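Step one of this worksheet: look at the structure below.
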Amino acid sequence: MSHKKSRGRGGGGGAAASGDGHEDLARPPPLQAVLLADSFTLKFRPITLERPKVLLPLVHMPMIEYTLTWLESAGVEDAFVFCCAHSHQVKEYLEKAGWAGKSGPGSMAVTAVESHDAISAGDALRVIYDRGVIHGDFVLISGDTVSNMSLKDALQEHMDRKKKDPLAVMTMVIKHSKPSILTHQTRLGNDEIVMAIDPETKELLYYEDRADNSHLYITIDKDILNNNPTLQLHNDMEDCYIDICSPEVLSLFTDNFDYQHLRRHFVKGLLVDDIMGYKIYTHELRSGYAARIDNFRSYDTVSKDVIQRWTYPMVPDVISSRDCSESRLHRQGVYKASDVTLSPSAQIGANSVVGSVTSIGDHCKVLNSVIGEGCKIGKNVLINGSFIWDNVIIEDGCKVSNSLVCDGVHLRAGAIVEPGCVLSFKVEVGKNVVVPAHSKVSLLPQPSNEDSDEELEYADTNSGITDSPPFSSMRSNGDQSTVPLEEDESGTSETGTCGVVGYIWTSVDTGIVEEWRQSIAPIPKEKLEELLHAVSDDDGSEDESNNPTLPDKDDSSDSVVEDDDHISKFEKEVEETFQRALGGGVNRDNLILEINGLRLAYSLQHADCAGAVFYSVMKSALVAAQSTNDTLLKTTADALGKWKDLLRNYTKTVDEEMEILLKFEEMCQETTKEFSLLFPKILPYLYDTEVVSEDAILRWAEEKEHADESDKVFVKQSEGFIKWLKEAEEEDDEEEE
Amino acid sequence: MEPDAAQNPSPVPPPISAYYQTRAEHHAVVSSDWLAHAAAAAAAFPPGADAADAAALPPPPSSPGAGGGVIEEFNFWRRKPEAAEAVAAIMALAAVIRSSRATTMMELEIELKKASDKLKSWDATSISLSAACDLFMRFVTRTSHLEHEKFDAAKSRLIERGEKFGEISLKARKTIAMLSQDFIYDGCTILVHGYSRVVLEVLKLAASNRKLFRVLCTEGRPDRTGLRMSNELAALGIPVKVLIDSAVAYSMDEVDMVFVGADGVVESGGIINMMGTYQIALVAYSMNKPVYVAAESYKFARLYPLDQKDMTPAHRPIDFGVPVPTGVEVETSARDYTPPQYLTLLLTDLGVLTPSVVSDELIQLYL
Amino acid sequence: MPDVQPLVSDFVLKLKRRKVEGSHAVARQTAELLRSVVSQHRMGSSANQAAALADAVRAVGEQLIAANPIELAVGNIVRRVLHIIKEEDISSTAVGIEGLSVTVDSDGEYDSEHDDRPALSAAVLAAHARNALRAPSLQTLLEDIPVSPAISRTASSTGDSDGKSKSAGDKSSTRKLKHDVIAAIGDLIDEIDSCYEPISEQAVELIHQNEVILTLGRSRTVKEFLYAAKEKKRSFRVFVAEGAPRYQGHVLAKELVEKGVQTTVITDSAVFAMISRVNMVIVGAHAIMANGGVIAPVGMNMVALAAQRHAVPFVVVAGSHKLCPLYPHNPEVLLNELKSPSDLLDFGEFSDCMNFSTQDGSPLLNVVNPTFDYVPPKLVSLFITDTGGHSPSYMYRLIAEYYSADDLVVRRKATS
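Residue numbers (full-length UniProt numbering), protein chains in the order written: chain A, 1 to 737; chain B, 1 to 367; chain C, 1 to 416.
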């Protein structure tokens, strides 16, 4: 008389989906959802080398369980889980937890969609599009989102809007939060998001999630201000990363295959480029909770929100994924499974969770922490603000504060784990070892090519346990942050008992600054003061940036406030892209698309592009020539001839042409002096190839008239040409008369 | 239920209750010097009776009559440390049946009635003794009403059931312990009074269920049964604190619940228990703390005390440490009556009962 | 039983996700689900039909209770269905053997032993089984049926005697058992559905002319009760405490006004101020426990204390499906559910207080939002159920009527 849940009917979901297609006439298509079970970032490394982020336990339950549970309760009938890295683990989990192959009235069909070459959300959506499984509106969500909001209102709003305006393709769910940079930073470890929303229609007009604290202002395109009589700027909104999309969104991704990031590329692309006039709207969450776990800081915060029951009914004592004995909520927010072995002298402080079969020894103190299942905790252990996952052994006298300790970790007696540490799976820490703050320790070595921006499955794991260096050297590693990996391996003479078994990861390109931002450890006082200081400074200038006076300014200064570093980075990337095109890998159309993509990624104007592309073209000519002036002139002419179409693509307005001239001038003066002598000769060529119009040249000359002498060098050099141009113009005028 | 002083084993006033005498033997903590004192206080008492060793105790003087063996049998069983008074009584009655030469159910019943009356009057102070006798008699009567059974079969079944009563008693304690587990939660503080085998069983099981709780034991003057209780609890690894009996009100604010046993549960739903229970219940009631009574159902007695003095008094010697001045009266009553309104629940082998259910049960049985 | 499994898991999920709440809805759906469990149950050829059926129900019941232990109505209905199965089994056995229905109500008369098998009669057997349904008592203390296995023993002896009779009769009797059980569960569902009627019939006797009634929150039973009094042309006034943080009192006030009842809305904290003008407090309940204590919406204990202070009768109206045979242990913690703090606070407005990284990781702001209160029996003056008015101390009697003692813990037996 056993009642096992019916499982293993893998085809159930698909069958249901096709069956629903039949009934389209009778009722609206079923609500579908696309769940991205891959974050496409590196923020949870080194843990994500061994387990996908969505399966990491958040208060005893994998994150994806929260997301799926919410989707189901929100009325989604058909969910597609896109898995990429560790896809077999995700699929296995779906099977085991009974999600896959479930069908029947009222329950959600979950289908796994697998792809191994996707490196971004954009790729994932393109794969989904190719499968042709999405028929109607769908919810786009990442597998690390925790929510309990009711989707009904947002959906209804989306549908109604869509009926009136088929161009409204997406509704973004946002949540009110206290308008303070500090809160944003300290709660979720994110930067502040600035949005401009039309208060009437709730249309999203502007979105910026990279507003750095160092910027005390934002830049808004004047068109936005021109076209919208009213607009509200919000810095008090949190993006929930829950989107209700129309099927058009998928085809948009497919059409613009350079879109990678959902927000940075897609949303900004749609807002800035006005592609086909598609619009994005927002829905503000009135009640309910929604948050996305982006980094360790938000992992900590969301865990605590769960413990404080903001996510009800997704709280440990109500919904548990495993068939273990349920935990009960005791006073002061202590969740304890019924079969915990607790010493009478052990203290479990408020807001803590202890999983089943875990034993806690005498005189232990557990404060604000989550302890998983099957852990063995010795005597006199202090655990503060930490996340201890399953089957961890902590011996007597250890101290763990504000750290994340993964499955199977063994801390020997007296070990101390300082704030902000991440101990990945099965790491061992020896007796009396101090793991310094913010270290990340894993049994797997740090991958050497850090620039790969994907969270790919770790393909060839040579995961033999390697003894780590003696502890003294380990500490220095933490400080220097750039100790090569080989040294870690060569310094093996110590046994695991008095050091650390595992690799100590050097911090990736994120500096120490990033570490305190996104780790579990509380923010140090002085940093907090810095932040507060920045905020108070910010308050003063915020008023100004809230009433932008940009329209009065000179047109060319649309992108006034970009720092040089930003642009030079962009230029470098454009150059690299160009080089690849030169090598023959990319055809021109695609080159344009790629450069467009880069432009969106760096949120720059067309004019910047023009300059950068021009720079790349000239550089290529320079490289090709590398000999006498004559050949340089010739190769330059060739290159310009070859790429004039490309350049013309960016020189649609006078501003952009001006930008090219200015760039050219700058090059001659600073980077590639080789051109300086050729300037007057190349200028007419630019005119001939119609890259630069006479208006632009004349305006350039006009502007330069009042400049310093040193700036006028090139104007003077090409005086003859300019004069000729002027005359030609006058002639034209005369002819017209 | 007429107390007959003439048949009491110790005719010296104030007579020491045989019930408490056995309890002292079973549970005595500070036996040696107390017993010496007790022996001095009750000089007329047979010296052998004071020995802690149960086997050495000679049977008390038996009164004339056919059922003389009953009391010996009863005393034999009573000495066994694990056996409850009621078990001893029923064993004794079962022995009467076995040795009976009656040929009809009626004769047997009459014989048994005599024996049980004798038992009851031998120690009128023991409530569970009389309750058990009543219970068994009631059972016999009901059985004899079954006309379709042959006499021999009925007789042998009565004996069998009687002899199995020891098991029932043990099982009852286990049941009560199990029922009580839900009431004990992690981090609670329990006040217990005196020594009760049922309460000990409850706490033992809770400890083995890894519940985290703390126990406050009263001292339990004058026989200091609380000390013995604390001894056993400490041996189980339960945190214990001992109080003098008068510190109950002082400590009540840290107490979450009161657990007491009972000598007997009466028809009103109240209990008769060791001296001090009433005042503890009063203090707990006034501070809104629950009072739980753990008692086996065979302690339900057909009594309805109207006040404290409306019971057969049970006396025991009291050691004040210093000699009591002559002419000063000493209250030597060993127990008091706690009215039902001060009790929260009774945990019995019949289930968890409110005091009002008790009278219901008794009415159903004896009506 | 593969056919009902999807239904069961669907309902389990609903309970878990708190999609179904409120004891009436929960009770009804549980009963309906159990009815389909029974009707889908294939009666095997095993001798022990009733036990197998009870096991099937118990197996489902266990899952349901675990899914939401706070909704006590689930467990109540499961236990009642188990009780129904036993009762039907006994009556059908009695009929099956003797060929005519024997009334065996006065079980005291027929208490017997049946160690010598040939001597036993159907009446004795049935009486015995019936006896086992009742809570253990002093009467049975000395008799040799150990209480819990009693059912399986009687049931197996049923099987034996059935085996002696013809196998054709066997089949029809099991079919009859199943049919009877389904019919009885149908009656139970009707009873749950119509529980408001017998309760509100008593309204006229309790509510008198020009009285002032106080209630807290919104209970459908209370609403029907007040409606019934209004329909009988009683004129009275109602104070409605709004029932923070869910403010169901506002809804009730609206509904009462629609029916033309004089209504005053007060805050929960004003109850003490108003209680002296009140003649009677009438409230609903989430569950009535075996000791007569009440699990009720949060704030009720305060109302009960206020009523006691001013000697105002505190009347609880509830259908019998809310009658729970369990005792409240540590009810403030174990029989309660803490809901999301968003009922009280807007997360956005307070997000700066929920900042964990600025202090040592411990939030300074905690929000506690319990759903229920426990009202001890001594504060309740009267219970009005569909069987009439009862005092708190009488509750155990009702419970003995509805539930069998060995079902208090619904757990599958290891042998099943």
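Think of the CB as a built atom: it goes at the ideal place given N, C-alpha and C, for glycine as much as any other residue.
Quick caveat: nothing in here was measured; it's all calculated off a predicted structure.
Closer than 7 Å at the beta carbon, the chain A residues around residue i
{"i": "P239 of chain B", "result": "P344"}
{"i": "K178 of chain C", "result": "Those within 7 Å of K178 of chain C in chain A number zero; the least Cβ separation is about 17 Å."}
Close Cβ partners of residue i (< 7 Å) along its chain, the five nearest in sequence each way excluded
{"i": "K162 of chain A", "result": "A168, S246"}
{"i": "D688 of chain A", "result": "none"}
{"i": "C188 of chain B", "result": "F213, D256, M257"}
{"i": "S128 of chain B", "result": "A84, E85, A86, D263, G264, Y298, K299"}
{"i": "Q89 of chain A", "result": "R51, P52, L55"}
Closer than 9 Å at the beta carbon, the chain A residues around residue i
{"i": "V367 of chain C", "result": "Q308, R309, W310"}
Spatial distance of residue i from residue j (CA atoms)
{"i": "L362 of chain B", "j": "G269 of chain B", "result": "10 Å"}
{"i": "S359 of chain B", "j": "T277 of chain B", "result": "20 Å"}
{"i": "L598 of chain A", "j": "A337 of chain A", "result": "51 Å"}
{"i": "N76 of chain C", "j": "T30 of chain C", "result": "10 Å"}
{"i": "E526 of chain A", "j": "P419 of chain A", "result": "16 Å"}
{"i": "residue 385 of chain B", "j": "T143 of chain B", "result": "Shown here, chain B extends from 1 to 367; a query on residue 385 of chain B therefore has no answer."}
{"i": "L15 of chain C", "j": "G355 of chain A", "result": "23 Å"}
{"i": "A54 of chain B", "j": "F76 of chain B", "result": "Per-residue confidence for A54 of chain B stands at a pLDDT of 38, beneath the threshold of 50, marking its modelled position as unreliable; the derived number appears in the next sentence. C-alpha separation (whole angstroms): 9 Å."}
{"i": "G163 of chain C", "j": "T93 of chain C", "result": "In this prediction, G163 of chain C has a pLDDT of 39, which is less than 50 and means its spatial position is unreliable; what the coordinates show is noted afterwards. Approximately 12 Å, taken between the alpha carbons."}
{"i": "D558 of chain A", "j": "H438 of chain A", "result": "Low per-residue confidence applies at D558 of chain A: pLDDT is 40, beneath 50, and the placement is therefore not dependable enough to give any value."}
{"i": "E594 of chain A", "j": "A291 of chain A", "result": "32 Å"}
{"i": "P317 of chain B", "j": "V328 of chain B", "result": "15 Å"}
{"i": "L282 of chain B", "j": "P313 of chain C", "result": "26 Å"}
{"i": "E657 of chain A", "j": "M618 of chain A", "result": "15 Å"}
{"i": "H86 of chain A", "j": "Q605 of chain A", "result": "39 Å"}
{"i": "R297 of chain A", "j": "S519 of chain A", "result": "5 Å"}
{"i": "L177 of chain C", "j": "S404 of chain C", "result": "18 Å"}
Supposed close pair residue i, residue j - CB separation, criterion 8 Å
{"i": "S369 of chain A", "j": "I360 of chain A", "result": "Wrong, their Cβ atoms sit about 11 Å apart, outside the cutoff."}
{"i": "V340 of chain A", "j": "S352 of chain A", "result": "V340 of chain A to S352 of chain A, Cβ: 11 Å. No contact."}
{"i": "P355 of chain B", "j": "L365 of chain B", "result": "So it is not a contact: roughly 17 Å between Cβ atoms."}
{"i": "V198 of chain B", "j": "I176 of chain B", "result": "6 Å"}
{"i": "L646 of chain A", "j": "I682 of chain A", "result": "Going by Cβ atoms, the distance from L646 of chain A to I682 of chain A rounds to 17 Å, so no, they are not a contact pair."}
{"i": "P245 of chain C", "j": "N369 of chain C", "result": "7 Å"}
{"i": "I272 of chain B", "j": "Y342 of chain B", "result": "About 13 Å; that fails the 8 Å criterion."}
Contacts around residue i, its chain only, beta-carbon distance under 8 Å, and the 5 residues preceding and following it disregarded
{"i": "K232 of chain C", "result": "A203, V204"}
{"i": "L698 of chain A", "result": "I722, L725, K726, E729"}
{"i": "G611 of chain A", "result": "E571, E659, I660, L662, K663"}
Proximal chain B residues relative to residue i, where beta-carbon distance stays under 7 Å
{"i": "residue 738 of chain A", "result": "Absent from the structure is residue 738 of chain A, since the part of chain A shown begins at 1 and ends at 737."}
Cβ-based neighbour list, residue i, same chain, cut-off 6 Å, excluding 5 preceding and 5 following
{"i": "M237 of chain A", "result": "I174, M195"}
{"i": "P46 of chain A", "result": "S424, K440, S442, W505"}
heavy atom of the ligand FMN below 7 Å from residue i C-beta
{"i": "G641 of chain A", "result": "This structure does not include the ligand FMN; it has no bound ligands of any sort."}
Residues that residue i contacts on chain B, provided the C-beta gap is smaller than 8 Å
{"i": "A405 of chain C", "result": "G351"}
Interface partners of residue i on chain C, CB under 9 Å
{"i": "Y185 of chain B", "result": "H329, N330, V333, L334"}
Beta-carbon neighbours of residue i, restricted to chain C and to distances below 8 Å
{"i": "P87 of chain B", "result": "Reading the sequence as shown, one finds Val at residue 87 of chain B and not Pro. Neighbours of V87 of chain B on chain C: none; closest Cβ ~12 Å, over 8 Å."}
Exercise for review: Please list the segments of the beta strand (DSSP E) lying wholly inside the segment 264-289 of chain B, counting only runs of 3 or more residues, in order along the chain.
Suggested key: 271-274
Review point. In chain order, which continuous runs of the beta strand (DSSP E) of length 3 or greater are located wholly inside the segment 332-406 of chain A?
Key: 334-337, 352-354, 365-367, 382-384, 399-401
Exercise for review: Could you pull out every unbroken alpha helix (DSSP H) segment of at least 4 residues lying fully inside the segment 223-311 of chain C, listed in chain order?
Suggested key: 248-258, 271-274, 300-309
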